[in-house]
Ligand code: DGL
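Here it is as structure tokens:
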């Protein structure tokens, strides 16, 4: 059983990729919606919420994917030290962005917490030290995606992306943003490349599953959707609808 964790619906893009690449594996998707959003919380709070959720997932899952940049960058080592199951974490694809930029000017669109994490600064220093990286925090955008407020998504993005200048690559540093990639592309313009981590995470998961020998192919894999708020039924309905559009 693979476990996928996010604060809400953001990790569904990763769920879809994992289901495509490992079609015989069962998956539990856990949306920690009672604690949503993570993006404006402080580091200690995020670490504690996430660890509690991972401990729950660990009871039934052989490998866990943290499909949330905000949780991952705050921080992966802490979770790995406290959880026995292999953990795959989604982090912004800064390295790829630094390779594909022509203007040497890129943007990281992420939550406030991800943009202020030292892990993120280390990524930039290690993989993009010859490139100028603008960190654009878009407080409220994950909420607008979670609650399907399309007007708010547009307003926040128009404001956040209004001064792109010669930026030619935008890294989506929040999995919620990957669900509205089309809108982001529209607002940024066709010449800007929009990168997310979803495919890279799915490939990494495949490798880890092989290496750690935890694959358990099922003829009829089971997909379990859990949320930490009380209204599981309507949340599941929403998830099913979103998966049809991805
Ligand atoms: N989906 C989460 C991420 O990738 C953040 C959403 C939130 O603020 O809870 O960072």
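Residue numbers (my numbering): 1145 to 1390.
Note that CB positions come from ideal geometry on N, CA and C, so glycine has one too.
- In this structure residue 1147 does not touch residue 1193 by the C-beta definition: roughly 15 Å separates them, more than the 8 Å allowed.
- In this structure, DSSP gives residue 1166 a state outside helix and strand, which the three-state scheme calls coil.
- For residue 1329, the CB contacts under 8 Å within the same chain, skipping 5 residues up- and downstream, are 1336, 1338 in chain order.
- Secondary structure of residue 1247 (DSSP, three-state): coil.
- Shortest Cα-Cα distance from residue 1370 to any of 1300, 1201, 1359 involves 1201.
- In this structure, residue 1214 places its C-beta atom within 9 Å of the C-beta atom of residue 1190.
- Non-local C-beta neighbours of residue 1273 in its own chain, meaning closer than 7 Å and more than five positions away in sequence, are absent.
- Beta bridge pairing from DSSP links residue 1182 with no other residue.
- Residue environment analysis places residue 1176 among the buried positions, since at least 16 neighbouring C-beta atoms fall within 10 angstroms of its C-beta.
- Closer than 8 Å to some heavy atom of ligand 1: that describes the Cβ of residue 1184.
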